[in-house]
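Protein chains in written order, with our numbering: chain A, 286 to 385; chain B, 286 to 385; chain C, 3 to 130; chain D, 3 to 130; chain E, 19 to 148; chain F, 19 to 148. The next block holds one structure in the form of structure tokens; read it before the comments.
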Amino acid sequence: MSALHVVNKPQSRSQTLRSCLRLLQPGDALLLIEDGVYACADTGENRLLWQNLPADVSCHVLQPDLDARGITLPLTAFALVEDAGFVDLVCRHDKTLSWF
Amino acid sequence: MSALHVVNKPQSRSQTLRSCLRLLQPGDALLLIEDGVYACADTGENRLLWQNLPADVSCHVLQPDLDARGITLPLTAFALVEDAGFVDLVCRHDKTLSWF
Amino acid sequence: MTEEASGNSEPRTLTFISRRSPYGEDYPRACLDMVMAAAVFDQTVNYVFMDDGVYQLLNGQQPARIHAKDLSAHFGALSLYGVENVFADHQSLLERGLENAALAMPVDVVDNARLQQLINHSDQVFLL
Amino acid sequence: MTEEASGNSEPRTLTFISRRSPYGEDYPRACLDMVMAAAVFDQTVNYVFMDDGVYQLLNGQQPARIHAKDLSAHFGALSLYGVENVFADHQSLLERGLENAALAMPVDVVDNARLQQLINHSDQVFLL
Amino acid sequence: MNITVVIHTAPWSHQASATALRFCEAALQAGHGIYRLFFYYDGVHNTSTLAVPAQDELDIPAAWRALIEQHGIDTVSCVSSALKRGILNDQEARRYEREASNLAATAELSGLGQLIEATAHSDRVVNFGA
Amino acid sequence: MNITVVIHTAPWSHQASATALRFCEAALQAGHGIYRLFFYYDGVHNTSTLAVPAQDELDIPAAWRALIEQHGIDTVSCVSSALKRGILNDQEARRYEREASNLAATAELSGLGQLIEATAHSDRVVNFGA
Numbered sequence: 286m287s288a289l290h291v292v293n294k295p296q297s298r299s300q301t302l303r304s305c306l307r308l309l310q311p312g313d314a315l316l317l318i319e320d321g322v323y324a325c326a327d328t329g330e331n332r333l334l335w336q337n338l339p340a341d342v343s344c345h346v347l348q349p350d351l352d353a354r355g356i357t358l359p360l361t362a363f364a365l366v367e368d369a370g371f372v373d374l375v376c377r378h379d380k381t382l383s384w385f
Numbered sequence: 286m287s288a289l290h291v292v293n294k295p296q297s298r299s300q301t302l303r304s305c306l307r308l309l310q311p312g313d314a315l316l317l318i319e320d321g322v323y324a325c326a327d328t329g330e331n332r333l334l335w336q337n338l339p340a341d342v343s344c345h346v347l348q349p350d351l352d353a354r355g356i357t358l359p360l361t362a363f364a365l366v367e368d369a370g371f372v373d374l375v376c377r378h379d380k381t382l383s384w385f
Numbered sequence: 003m004t005e006e007a008s009g010n011s012e013p014r015t016l017t018f019i020s021r022r023s024p025y026g027e028d029y030p031r032a033c034l035d036m037v038m039a040a041a042v043f044d045q046t047v048n049y050v051f052m053d054d055g056v057y058q059l060l061n062g063q064q065p066a067r068i069h070a071k072d073l074s075a076h077f078g079a080l081s082l083y084g085v086e087n088v089f090a091d092h093q094s095l096l097e098r099g100l101e102n103a104a105l106a107m108p109v110d111v112v113d114n115a116r117l118q119q120l121i122n123h124s125d126q127v128f129l130l
Numbered sequence: 003m004t005e006e007a008s009g010n011s012e013p014r015t016l017t018f019i020s021r022r023s024p025y026g027e028d029y030p031r032a033c034l035d036m037v038m039a040a041a042v043f044d045q046t047v048n049y050v051f052m053d054d055g056v057y058q059l060l061n062g063q064q065p066a067r068i069h070a071k072d073l074s075a076h077f078g079a080l081s082l083y084g085v086e087n088v089f090a091d092h093q094s095l096l097e098r099g100l101e102n103a104a105l106a107m108p109v110d111v112v113d114n115a116r117l118q119q120l121i122n123h124s125d126q127v128f129l130l
Numbered sequence: 019m020n021i022t023v024v025i026h027t028a029p030w031s032h033q034a035s036a037t038a039l040r041f042c043e044a045a046l047q048a049g050h051g052i053y054r055l056f057f058y059y060d061g062v063h064n065t066s067t068l069a070v071p072a073q074d075e076l077d078i079p080a081a082w083r084a085l086i087e088q089h090g091i092d093t094v095s096c097v098s099s100a101l102k103r104g105i106l107n108d109q110e111a112r113r114y115e116r117e118a119s120n121l122a123a124t125a126e127l128s129g130l131g132q133l134i135e136a137t138a139h140s141d142r143v144v145n146f147g148a
Numbered sequence: 019m020n021i022t023v024v025i026h027t028a029p030w031s032h033q034a035s036a037t038a039l040r041f042c043e044a045a046l047q048a049g050h051g052i053y054r055l056f057f058y059y060d061g062v063h064n065t066s067t068l069a070v071p072a073q074d075e076l077d078i079p080a081a082w083r084a085l086i087e088q089h090g091i092d093t094v095s096c097v098s099s100a101l102k103r104g105i106l107n108d109q110e111a112r113r114y115e116r117e118a119s120n121l122a123a124t125a126e127l128s129g130l131g132q133l134i135e136a137t138a139h140s141d142r143v144v145n146f147g148a
């Protein structure tokens, strides 16, 4: 039993991302989309945010949203996925929690 | 020249209130409405928030929004106003900045 | 409208996490409507209040003052609909100074581990 | 639609503070449209990017990737419309690690005091 | 005083429309004038004739229509915002070959120039959004 | 896999509708099935026939109609959300004595039961909101 958590807001704007992080479990996956992609830009604050992730949680970011916003240096911990990858993540995990 | 700043979000949810506080000037007035009224409930975090207000800034909160949400103990620094008081504040200050 | 009953498949466990404060937005109302619909169609329902959503549980709400419908008035109907599993996130209550507040209905105050367990045992989780 | 020109009263100083990141919401577009309208009707315009609004200034945006219109493409037209006073809030840039980033157009990076001065000298301030 | 009120949100989805309505009622009651009501962005949904609220809910679009008629308030629904959100008068419905129109008779479709003009001629401008 | 997609926001005002559209296209392209499209809350605005976007903008409601027709996707616009937001079919327009209707032919007005039913019969459920 594992879940895909999809988040579309950066932590600077709302509690959404922080609440999601609190409920992540080993084996889960996290996907940042839309404005959520700002949370994986390479800044001090973001590096701090991602330090204490549970073990065995995979992090992904939707590339079209990064490109649209002109973010070129996402943190390396994040795998870049296209729309097809988004679909694949949904299928690979038992359920999808959309945090918005 | 003085401004009325109207804010409808608590600081826990967005940067809106903090950015407003940053631009308050002596003689200005602050009015919390809608979900902004949660920021004047009597909690430790809120008391901290209101400590370093500039001198001579008057704080107000819209009573109908407090009553709707069941908040009975607003911080005493906030004057309670009804809709007529909201109108009066708008007229008394040269301009109204609506932060949402 | 004919509602196609979902009776012909065994009931699923659906968890609804309501995360927004009342009246500023209509999402809390939309979440409550989903909970009721799930219950009417015999699903096993978990109703969780988290983040600003715990503000919906405050006592003494008078939304008539802002021409809004009283959300907490509907909480009483939940048990009639068979919705017994109602939870409030402890950390969210704590952050807002509500850990000892009188709430509009009896709820099970739960910690992170219990919330994670709820999610694991759910077939689907909706967050509004 | 006939637009009643506001020519018959002396121009006012209008400040527009754009506070949201591009593409997630349409408010940045709505703010830009207001700035252009104010300029067309000969008002003195201040255009300020603050909080997540500074993200609108990032270079290399490719919104076609998400079927959206390129906001920064319109920044070039601002000077044609006579909008010369364009500002970015220094603290907002700093908080987002953009203090040294190449921006999509030349802006005046300002501190709190300068922003307060802008507000004082404005007849009206819009925040979107 | 002459006050221009700008509404940026749809009724019910956010509280701002209901707050703006109460503000206008209070201002008029205190003897002030509403120079112009300008519905912008999602606010244009306040000027739809098709909204049908639940019985126990305040009919916000109807409340606006009543207030506007009672006080003869100059009311504009921003045309670029309205077109995009499917709020059309007969003229725009014909122009874009749509088979229906749903703009309230109490509102006029016009451009942002009307907001700029109102700002230049009002004592105060108050925005309601989310 | 059979996927139910739920959309909670109006087109353009938030990005979620455009993201949901791209997701559905990618899922269909990968050979998955869309069990049901359920427009809820502000998402019902995606099923209006009256929206007229600017020329240089993607016509999101039209894109939904094309996708639905091409793949024969079962599509529901939540009736309680739609009524409140002024999205009516002919039957509801008559019932509430409104002189126009604006629901896309590719969508059916129905209740939340259709979402619960879809959840019970789909392999995955994905929500898009703001």
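Every residue, glycine too, gets a C-beta built ideally from N, C-alpha and C.
Contact set between residue i and chain A, taken where Cβ atoms lie within less than 9 Å
i                 : result
GLN300 of chain B : SER297, ARG298
Interface partners of residue i on chain C, CB under 9 Å
i                 : result
LYS380 of chain A : ILE121, SER124, ASP125, GLN126, VAL127
HIS32 of chain E  : GLY26, GLU27, ASP28
Under 7 Å from the C-beta of residue i: neighbouring residues of chain F
i                : result
HIS76 of chain D : Here the premise fails: no neighbours, minimum Cβ distance about 11 Å.
Contact check, residue i vs residue j, beta carbons under 7 Å
i                 : j                 : result
SER35 of chain F  : ASN120 of chain F : no
HIS63 of chain F  : GLU27 of chain D  : no
SER375 of chain A : VAL144 of chain F : Note on residue identity: the sequence assigns Val, not Ser, to residue 375 of chain A. In this structure, VAL144 of chain F lies closer than 7 Å to VAL375 of chain A by Cβ.
HIS92 of chain C  : LEU76 of chain E  : no
PHE2 of chain D   : PHE18 of chain D  : Residue 2 of chain D lies beyond the stretch modelled for chain D, which goes from 3 to 130, so this question has no answer here.
PRO295 of chain B : ALA340 of chain B : no
THR93 of chain F  : ASP60 of chain F  : no
LEU127 of chain E : ALA100 of chain E : yes
ALA104 of chain C : ASN61 of chain C  : yes
ASP352 of chain B : ARG67 of chain C  : yes
Spatially closest choice to residue i from the options, by CA coordinates
i                 : options                                : result
VAL292 of chain B : E:ASN20, E:ILE105, E:THR37             : E:THR37
ALA32 of chain C  : F:SER31, F:CYS96, F:ARG116, F:ALA138   : F:CYS96
ASP44 of chain D  : D:ASP35, D:TYR83, D:TYR29, D:GLN63     : D:TYR83
VAL23 of chain F  : F:ASP74, F:SER128, F:ARG54, F:ALA48    : F:ARG54
LEU59 of chain D  : D:ALA40, D:ARG67, D:LEU34              : D:LEU34
HIS89 of chain F  : F:MET19, F:ASP141, F:ALA138, F:LEU46   : F:LEU46
ARG1 of chain D   : E:TRP82, E:SER140, E:SER98             : This structure leaves residue 1 of chain D out entirely; chain D is present only between 3 and 130.
ARG113 of chain E : F:GLN132, F:ALA69, F:ARG113            : F:ALA69
THR361 of chain B : B:GLU367, B:HIS378, B:SER343           : B:SER343
GLY329 of chain B : C:ASP125, C:GLY99, C:GLN119            : C:GLY99
LEU289 of chain B : B:ARG332, B:THR357, B:PRO311           : B:PRO311
VAL56 of chain D  : D:GLN64, D:ARG21, D:LEU80              : D:ARG21
ALA148 of chain F : C:SER23, C:GLU12, C:TYR29              : C:TYR29
LEU334 of chain B : B:ARG377, B:LYS380, B:HIS378, B:ARG303 : B:ARG303
ARG83 of chain E  : E:ALA125, E:THR137, E:ALA136, E:ILE25  : E:ALA125
ASP379 of chain A : C:GLN119, C:SER94, C:LEU80, C:SER124   : C:SER124
ARG354 of chain A : D:ALA75, D:HIS76, D:LYS71, D:PRO65     : D:PRO65
ALA79 of chain C  : C:PRO108, C:SER94, C:ASP54, C:LEU96    : C:PRO108
GLY49 of chain F  : A:ALA326, A:ASP373, A:PRO349, A:ASP320 : A:ASP373
Proximal chain E residues relative to residue i, where beta-carbon distance stays under 9 Å
i                : result
HIS69 of chain C : ALA36, LEU39, ARG40, GLU75, LEU76, ILE78, ALA81
MET36 of chain D : TYR58, LEU130, LEU133, ILE134
Cross-chain neighbours of residue i in chain D, by beta carbon under 8 Å
i                 : result
ASN145 of chain E : PHE128, LEU129
Chain-ordered neighbours of residue i on chain F, where CB pairs are closer than 9 Å
i                : result
GLN45 of chain C : ILE134, THR137, ALA138
Contacts that residue i makes with chain E (C-beta to C-beta distance below 8 Å)
i                 : result
SER383 of chain B : VAL144, ASN145, PHE146, GLY147
LEU371 of chain B : Leu is not the amino acid found at residue 371 of chain B; the sequence shown has Phe there. Under the 8 Å cutoff, chain E gives PHE41, ALA44.
Within chain B, the residues that residue i reaches when beta carbons sit closer than 8 Å
i                 : result
ASN114 of chain C : Here the premise fails: no neighbours, minimum Cβ distance about 18 Å.
Chain-ordered neighbours of residue i on chain F, where CB pairs are closer than 8 Å
i                 : result
HIS63 of chain E  : ARG103, GLY104
ALA123 of chain E : None at all; the shortest Cβ gap to chain F is about 11 Å.
Chain-ordered residues of the segment 336 to 355 of chain A with a beta carbon less than 7 Å from chain D: PRO349, ASP350, ASP352, ALA353, ARG354, GLY355
Ordered list of beta strand (DSSP E) runs contained in the segment 80 to 117 of chain D, each at least 3 residues: 87 to 91, 110 to 112
Segments of 4+ residues assigned as alpha helix (DSSP H) that fall wholly inside the segment 299 to 353 of chain A: 301 to 308, 329 to 334
Inside the segment 7 to 32 of chain C only - beta strand (DSSP E) runs reaching at least 3 residues: With a minimum length of 3 residues, the continuous beta strand (DSSP E) runs that stay inside the segment 7 to 32 of chain C are 15 to 20.
Within 8 Å of chain E by C-beta, residues of the segment 80 to 112 of chain F in sequence order: SER98, LEU101, LYS102, ARG103, GLY104, ILE105, LEU106, GLU110, ALA111
Entirely enclosed beta strand (DSSP E) segments - the segment 44 to 73 of chain F, minimum 3 residues: Within the segment 44 to 73 of chain F, the complete beta strand (DSSP E) runs of at least 3 residues fall at 51 to 57.
Interface residues of the segment 80 to 105 of chain C facing chain B [CB-CB below 8 Å]: GLU97, ARG98, GLY99
Residues from the segment 300 to 318 of chain A in contact with chain F, defined by Cβ distance under 7 Å: ILE318
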